[in-house]
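Numbering (our numbering), first residue to last: 23 to 183.
Quick reminder that beta carbons are idealized off the backbone N, C-alpha and C, glycines included.
Every value quoted in this text rests on a predicted model; they were computed, and no experiment measured them.
Notes to accompany the following structure.
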């Protein structure tokens, strides 16, 4: 079985990781943790040489932080799920497109992700990555709600609170 878990360094992603860690996966299951960095969220000043340099520096920092987060999550999952092959990928671009492209390319049997559960105006302004992915993914999608898993005790990811 091939599983992709889309993570964004939030309590919602932590719930998804705990869900993955708590299951009796069969031997040989391949679990890949992905995280998408969207630099477009940080570019509000227009393009000039200084902004390009600043965005490049920011990109390097975000990639390093996200890689560290995923590496720690991979290490912890490997200890809890020694029968599984666990990897990670850091992607760049818009979250929904990055996740959907990764799913299309790697053809998992299941995609697992958390949901922020935005409603009302926030949802109109921010959109729902989880909903868009669920509608457009070419595989089954499981959305893990934060209420399903206690996230305060020993996070699986690297971002300690």
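| Check | Outcome |
| --- | --- |
| Beta-carbon proximity check, residue 164 vs residue 107, cutoff 9 Å | no |
| Buried or exposed by the 16-neighbour rule on C-beta atoms within 10 Å, applied to residue 44 | exposed |
| Inter-residue spacing [alpha-carbon to alpha-carbon] between residue 89 and residue 33 | 17 Å |
| Residue 136 at chain B interface by Cβ criterion, 9 Å | Of the chains in the structure shown, none is chain B; there is only one protein chain. |
| Alpha-carbon spacing of residue 167 relative to residue 86, whole angstroms | 27 Å |
| Backbone secondary structure at residue 154 - three-state DSSP | helix |
| DSSP state of residue 109 mapped onto helix, strand, coil | strand |
| Status (buried if at least 16 other CB within 10 Å, exposed otherwise) for residue 25 | buried |
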